[in-house]
Amino acid sequence: MPSAYPTRERAEEAVLVVLAGLGRQLTDDERVDLARCLPLEAARVLTTQIPDTQPLTGWDFIKDLATRSGGSLATTRWDTGAVFAAVTAHAGPDLTSRILQQLPTDWALLFGQAELTPAA
0 MPSAYPTRER
10 AEEAVLVVLA
20 GLGRQLTDDE
30 RVDLARCLPL
40 EAARVLTTQI
50 PDTQPLTGWD
60 FIKDLATRSG
70 GSLATTRWDT
80 GAVFAAVTAH
90 AGPDLTSRIL
100 QQLPTDWALL
110 FGQAELTPAA
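So in numbering that gives the first Met the number 0, spot 94 of the sequence shown is number 93, and the numbers just go up one at a time.
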């Protein structure tokens, strides 16, 4: 299967940056349960991060990752979508739903899902 990344190293870098960022956003059981679903190195990257006290919006998450990695906003958004697609495949729909309930609503778009807003 062809890869969208020019090298394996570049793909691994994207995974590590995005998982570290996600690790700074998740807390509680969702963090632990997701770590259990991921390969060991990915789980380690996720769980060694100190969670932020204030969750970022999805857009602020992208901007933060772009700043940390030195990448463009477009590339960072693409990397995030690719990594979150893999995370969703490992986590399954129930855990992914629990993760999204913990984060601001615009994160659903980063996971390739419709952004749902509560009824008035």
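Virtual Cβ for every residue (Gly too), placed ideally from N, Cα, C. Everything numeric in this text was worked out from a predicted model, so none of it was measured.
DSSP three-state label for residue i, please.
i    : result
A81  : helix
S96  : helix
R23  : coil
F60  : helix
M0   : Residue placement at M0 is flagged as unreliable, the pLDDT there being 41, under the threshold of 50; the coordinate-derived value follows with that caveat. Coil at M0, not helix or strand.
L72  : helix
G111 : coil
D105 : coil
D51  : coil
T6   : coil
L37  : coil
Is residue i near the ligand GTP, judged by its Cβ being under 7 Å from some heavy atom?
i   : result
R23 : Only the bare structure without any ligand can be found here, which leaves the ligand GTP out of the picture.
Tell me whether the beta-carbon of residue i lies closer than 8 Å to the beta-carbon of residue j.
i    : j    : result
P5   : T26  : no
T79  : L109 : yes
L125 : D32  : Because the chain spans 0 through 119 in this model, residue 125 falls outside it and cannot be assessed.
For chain C, find out if any of its Cβ atoms is closer than 8 Å to the Cβ of residue i; answer yes or no.
i  : result
E8 : Chain labels in this structure do not include chain C; a single protein chain is all it has.
Between the segment 6 to 25 and the segment 65 to 84, are three or more C-beta pairs nearer than 8 Å? Flag = yes, the segment 6 to 25 and the segment 65 to 84 touch.
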